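Presented below is the structure to which this report refers.
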Amino acid sequence: MQTDINRSAEQAVKKSGVELSTEHHSVAQEGVLDSVEIKVKPMEQKKERFLEESINALKNKLSVGKKKNIVIPLVKDQLTVDIEKIMEEDLKDAFNELDTIQKEEFKIKGEETAINIRNVMRQTKIKAKAIIRLLIQWLKTLPGVNRFFIEQEAKIKADKIMALRYKHQNTKHK
1 MQTDINRSAE
11 QAVKKSGVEL
21 STEHHSVAQE
31 GVLDSVEIKV
41 KPMEQKKERF
51 LEESINALKN
61 KLSVGKKKNI
71 VIPLVKDQLT
81 VDIEKIMEED
91 LKDAFNELDT
101 IQKEEFKIKG
111 EETAINIRNV
121 MRQTKIKAKA
131 IIRLLIQWLK
141 TLPGVNRFFI
151 EQEAKIKADK
161 IMALRYKHQN
171 TKHK
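For the sequence shown, the UniProt record's numbering gives the first residue as 1, with consecutive numbering after it.
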């Protein structure tokens, strides 16, 4: 019976992943376990897991690229100006409710968004989803605005911007 207990204890220890070193002295005639000394050795697996997690965390930090700083040009082309006009439509009330710091952040983010939209529009194949995504990210900086309003405004503005592209293409070729 004592050996069954020892076997089940050994199996439980193996399942737990802890390495045990047992030293025991038994009285051979009686078959009774006299004393058991258990030493728990630190697992190399735990160290390896910790090292792997640390290495992966560092890799993730290094792999995440730094945000590219977009340089806002001093002189804007006509397309960018038209995009900014479309973007600011119907937002004067929400913009006026912001404090000065939020207004500046919103303005800078809007100019960056306009430049990104212009870059998307200069591609041969325009993706409306990309423009909508940029507009939604920009509109989310407005505090206290309904999510559905943001999506609706982004879609409306994206449609106007797409129409603007076709307008600018036709004026270039004339």
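Even glycine gets a Cβ: it sits at the ideal position worked out from N, Cα and C. Bear in mind that the values here come from a model prediction, so they are computed numbers and not experimental data.
Just confirm the distance between the C-beta atoms of LYS85 and PHE95, as a whole number of angstroms; I'd bet it's less than 8 Å.
That pair is no contact at about 14 Å.
Assuming GLU88 is part of the alpha helix (DSSP H), what are its boundary residues?
Where GLU88 is concerned, the enclosing alpha helix (DSSP H) stretches over 78-88.
Between the C-alpha atoms of ASP82 and ASN60, what's the straight-line distance to the nearest angstrom?
About 39 Å.
Below 8 Å on the Cβ atoms is my contact criterion, and I expect ILE136 with ALA154 to pass it. Report the Cβ-Cβ distance as a whole number of Å.
With 8 Å as the limit, ILE136 and ALA154 qualify as a contact, their Cβ atoms being about 5 Å apart.
Whole angstroms is fine: what's the gap from ILE131's alpha carbon to VAL75's?
Near 22 Å, if we compare the C-alpha coordinates of VAL75 and ILE131.
Output the distance between the C-alpha atoms of THR124 and ILE55, rounded to the nearest integer angstrom.
The alpha-carbon atoms of THR124 and ILE55 are separated by roughly 41 Å.
Among ALA57, ARG118, ASP77, PHE149, which one has its Cα closest to the Cα of residue 209?
Residue numbering for the chain in the displayed model covers 1 to 174; residue 209 lies beyond these limits and cannot be assessed.
What would DSSP say about ILE126, mapped onto helix, strand or coil?
Three-state result, ILE126: coil.
Go to GLU112, then tell me how far its alpha helix (DSSP H) extends in each direction, as first and last residue.
Taken as a continuous stretch (DSSP letters only), the alpha helix (DSSP H) holding GLU112 covers 100-121.
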